[in-house]
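Inspection log for the structure reproduced underneath, given as C-alpha cells.
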Amino acid sequence: MSSQSLYVIKLGSSTIMHHTEVFAELNDLVQKGKKVLLVAGGAEGIRQKYEQLNRSIPVLALANGDEARYCSPSEMPLIRAAYQEFILAKVFEQLKSYKLKVFTQIGGDNEVVFGQKSKPVKALKDGKTVIVRDSLFGSFTGCNVDFLQGALQVFDVVCLTPPIYDRELGEYINIDADMLAAHLATELAAEHLRFVTGTAGLLENVDEPASTISDVYLGDDIHSIKGRMKQKVRAANHAISKGICDVSITGPHSLNRPGTGKTWFWNMQRDTSGTDLLRKAIRIPSVSGDESELADYLLNAVQLPGVNGFVDEAGNVVFRKGNGPNQLLLLGHLDTVPYNWPVACDEERIAGRGTVDAKGSLLSFIQMLYDAKVPEDGSLLVIGAVEEEVSSSKGAFYVRDHYRADAVIIGEPSGEDSLTLGYYGLYKLSIAISKPQEHSAGKDSISVLDQLYTIVADIREQVGGVDPNHLSSLIDIKHSNHNGILSAVGILNFRISPDAGKEYAKQIQLDYGDGVSVTVLRATPGFANPRNSPIVKAFVRSFASKGKAIHYIKKRGTSDMNTLATTWEGVPMVAYGPGDASLDHTNEEYLQLSEVHGARAILRGAIEEWYRLRSEEGSYGYVGTVGKSFS
5 MSSQSLYVIK LGSSTIMHHT EVFAELNDLV QKGKKVLLVA GGAEGIRQKY
55 EQLNRSIPVL ALANGDEARY CSPSEMPLIR AAYQEFILAK VFEQLKSYKL
105 KVFTQIGGDN EVVFGQKSKP VKALKDGKTV IVRDSLFGSF TGCNVDFLQG
155 ALQVFDVVCL TPPIYDRELG EYINIDADML AAHLATELAA EHLRFVTGTA
205 GLLENVDEPA STISDVYLGD DIHSIKGRMK QKVRAANHAI SKGICDVSIT
255 GPHSLNRPGT GKTWFWNMQR DTSGTDLLRK AIRIPSVSGD ESELADYLLN
305 AVQLPGVNGF VDEAGNVVFR KGNGPNQLLL LGHLDTVPYN WPVACDEERI
355 AGRGTVDAKG SLLSFIQMLY DAKVPEDGSL LVIGAVEEEV SSSKGAFYVR
405 DHYRADAVII GEPSGEDSLT LGYYGLYKLS IAISKPQEHS AGKDSISVLD
455 QLYTIVADIR EQVGGVDPNH LSSLIDIKHS NHNGILSAVG ILNFRISPDA
505 GKEYAKQIQL DYGDGVSVTV LRATPGFANP RNSPIVKAFV RSFASKGKAI
555 HYIKKRGTSD MNTLATTWEG VPMVAYGPGD ASLDHTNEEY LQLSEVHGAR
605 AILRGAIEEW YRLRSEEGSY GYVGTVGKSF S
C-alpha cells in the first residue's frame with residue numbers, strides 16, 4: 005500500500021546541471037508511490053545561454069545594495085529559451101533515463117501559473133537613483149490547480165519553471181523559483197516541501213560544512229544566511245505560514261537519507277516543557293504509507309547514550325534501551341488517517357491530525373527512553389509501527405514475526421485515568437459480483453446491487469450466529485458497467501468480540517457460486533488481557549502511587565494488540581495513552597497538555613514497576629521469536 009502524498013521539490017539549476025545523481029533520489033520517491041512536482045531554478049541555464057550568445061547578463065544595482073537580473077521585454081525571450089533548452093531539456097532527459105513519465109513546461113505556458121508584475125524598481129546608475137519601469141519581475145497570484153492535479157495523476161513527475169504569465173499585461177514575468185515552489189505547495193496542499201541546495205541545509209558557520217542548523221522556529225534570527233539562501237528561508241517561512249507543515253532545506257543527495265543535512269522549519273515557538281518533539285511529530289504528515297519522513301525525523305532526533313535506533317525493513321522506527329533479557333515492548337504507530345490540517349496549539353492543548361490517534365501515545369513512549377529507569381536485567385523496546393490505520397497492519401505483522409517481548413504496552417488513547425485491557429477483532433471482506441447486462445424487467449432478473457445486498461445480509465446472519473456481540477458496517481460500494489458487464493464491489497466490516505475466539509472465520513461459508521468472489525481482507529480475532537497479569541499490576545501500583553484509582557476499559561475498535569496476539573501466546577498486553585478516543589479519526593482531534601504530562605508520569609511508574617515485578621516474580625510469559633539482533 006502506498007500513499008499518494010505530494011512532494012514539491014525545488015532544485016537549483018546548478019544541482020540539475022552538475023549533480024545529476026539527485027534524479028536517482030527523485031526516482032526513488034516515485035517508486036515509493038509519491039507524486040512529485042519539481043520546480044527548477046534557472047540561473048545556471050541562463051548563464052550558459054548568454055555565454056552561448058557571447059552576451060553579458062544584464063543586472064540592476066538596487067538601491068538597497070543587492071543586485072538583480074534585469075529582465076526587460078527584450079531579454080525575456082532569451083530567459084524562456086534558456087529554461088527550455090538547458091533546464092527543462094536536462095530534467096526531461098535525466099528522468100526519462102529512469103523510464104519515468106515526465107511532463108515539463110515553463111510555468112506561464114498556457115497560463116498554468118500566473119502572477120502580477122511588480123511595481124517599478126529603484127536602481128542605481130552612475131551613482132544616481134533611477135526608476136526602472138520595464139523590469140518584468142513579479143509575484144505569484146494563482147495557478148490552474150485542476151490542470152496540475154490532473155497532470156500529477158497521469159505523469160510520474162511534473163516539472164515547472166519560471167517565468168509565469170501576467171494575464172493583465174499579456175506578458176511573461178519572471179519570479180523567484182523558491183517562492184514559486186512555496187506557492188505551488190500551498191495551492192496544491194502538498195504534504196512535503198523540499199528546497200535542495202548545495203550545502204547541508206542552513207549552516208551555523210558557512211565555512212564549516214557540518215554545522216547544519218537542524219531546526220528553525222518562529223522568530224529565529226539566523227545571522228549566518230547570505231545571498232540566495234535568504235530567499236530559500238523566505239520561501240520556507242512563507243510555506244509554513246500558509247499551513248504546509250513539513251518544510252525543510254536539504255543538502256545534496258539527502259532527499260531520501262534520514263537526518264543528513266536537513267534544516268526543518270516549524271510554525272511554532274521552541275517548547276521547553278517536554279512536548280517539543282510531540283509538537284513537531286504532529287506537524288509532519290504521516291498518513292498510512294507516508295510514514296518515512298516522520299520515522300527518519302524521530303530517528304535523527306533521538307540521540308541518547310545507550311539507546312540504539314534504526315528503521316527496520318517494514319519502515320518501523322525502532323529504539324532499544326538496555327540489553328537485559330527482561331524485555332518490555334512499547335508499540336505505537338506512526339501513521340494517521342487522512343486528511344491533514346494546520347496544527348494549532350497554546351499553553352493548554354494541541355490540535356491536529358494524529359494528536360490523539362496516536363502520536364500523543366507514541367511520543368510518550370519515546371519520552372520513556374529519556375525518563376524511565378531500565379535495570380541491568382531489563383531492556384525497553386520502543387517501536388513506531390507503519391500502516392496501523394489500514395488493513396495491512398504491515399508494521400505490526402513485522403513486529404510479530406521479527407521481535408520478542410515479555411510484556412507489551414500498546415500506544416493508543418485510553419485517557420490518563422484508564423487502562424485498556426482488550427479490543428474487538430476485525431473481519432473485513434471484499435464482495436465482488438460480475439455478470440452480463442440484462443433488462444431490469446426480465447423474468448427473475450436481479451441487479452448486481454440487489455445480489456450484493458442479499459449476500460451481505462447472509463454473511464451478517466452467519467457472523468451473528470458465531471458472535472452475537474459483533475458490530476458490522478458496509479463501508480464502501482462501487483458499481484460499474486464496462487462493455488456490457490455489470491459489476492459491484494462492496495467492502496463489509498465486522499468488529500468481532502474476543503468471545504468469538506481465534507478460529508471464528510473458519511465457520512463462515514463464503515462460496516456464492518459463479519460470478520461472485522468474496523475475499524477475506526482481514527480476519528483478526530479479538531483479544532482481552534486478564535486483570536491479574538503483571539503488566540496490569542504494574543499499572544495498578546503506578547496509579548496508586550499518584551493517588552489515582554484505575555479504570556479498566558475494552559474497546560470495540562481494533563489495534564496492533566490483536567495482530568501480536570494471533571501468535572504471541574501468553575504475552576500480557578495492555579494499551580495506554582493520553583487522549584479521548586472518541587476523537588479518533590475526527591477533524592477535532594486535540595490533546596490537553598496537562599493530560600500528556602500526567603499520562604507520562606503514570607507510564608513511567610508502570611514501566612519501572614514492571615521491571616521490579618519481573619525481578620521479584622521471576623520469568624513469566626512468552627519467550628517468543630528470536631527476531632532482530634541488537635548490537
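The sequence shown runs 5 to 635 under this note's numbering. A virtual CB, placed ideally from N, CA and C, is assigned to each residue, including glycine. Quick caveat, the model's predicted, so the values are computed rather than measured.
- Fewer than three beta-carbon pairs drawn from the region 280-292 and the region 223-232 are found closer than 8 Å, and the two stretches are therefore not classed as touching.
- Residue 431 is positioned such that its CB atom lies closer than 8 Å to that of residue 526.
- Here residue 259 carries a coil assignment [DSSP, helix/strand/coil].
- Between the alpha carbons of residue 77 and residue 140 lies a distance of about 7 Å.
- Counting C-beta pairs closer than 8 Å gives three or more between the region 567-579 and the region 400-412, which meets the contact rule.
- In this structure, the beta-carbon distance from residue 542 to residue 610 falls below 8 Å.
- From the listed residues 333, 309 and 112, the smallest Cα separation to residue 168 is found for 112.
- Of the other Cβ atoms in all chains shown, fewer than 16 fall within 10 Å of the Cβ of residue 536; this residue is therefore exposed.
- As for any alpha helix (DSSP H) of minimum length 4 sitting wholly inside the region 36-112, the runs are 47-56, 80-86 and 93-100, ordered along the chain.
- Here the C-alpha atom of residue 406 lies approximately 26 Å from the C-alpha atom of residue 35.
- Where residue 272 is concerned, there is no enclosing beta strand (DSSP E), because DSSP gives it neither an H nor an E.
- Two segments are said to touch when three or more pairs of C-beta atoms, one from each, lie closer than 8 Å; by this definition the region 489-499 touches the region 434-441.
- Note: residue 440 is bridge-paired with 489 in the DSSP secondary-structure output.
- Collapsing the DSSP output to three states places residue 484 in a strand.
- The beta-carbon separation of residue 554 and residue 423, rounded to 6 Å, stays under the 8 Å limit for a contact.
- Collapsing the DSSP output to three states places residue 151 in a helix.
- With a 10 Å radius around the Cβ and a threshold of 16 neighbouring Cβ atoms, residue 345 comes out exposed.
- When the Cα atoms are used, residue 128 and residue 121 turn out to be separated by approximately 20 Å.
- No Cβ-Cβ contact shorter than 8 Å links residue 365 with residue 329.
- Between residue 145 and residue 46 the beta-carbon gap is near 20 Å, outside 8 Å, which marks them as no contact.
- One thing to note: residue 384 has its Cβ within 8 Å of the Cβ of residue 376.
- In chain order, 281 place their CB closer than 7 Å to the CB of residue 305, counting only its own chain and leaving out the 5 sequence neighbours on each side.
- Within the same chain, and ignoring the five residues on either side of residue 133 in sequence, the residues whose Cβ sits closer than 8 Å to its Cβ are 67, 126 and 127.
- Beyond the five residues adjoining it in sequence on each side, residue 148 comes within less than 6 Å, by CB distance, of 116 in the same chain, given in chain order.
- In this structure, the CA atom of residue 181 is about 9 Å from the CA atom of residue 239.
- Distance from the Cα of residue 503 is smallest, within the candidate group 586, 531 and 519, for 531.
- The secondary-structure analysis by DSSP pairs residue 219 across a beta bridge with 268.
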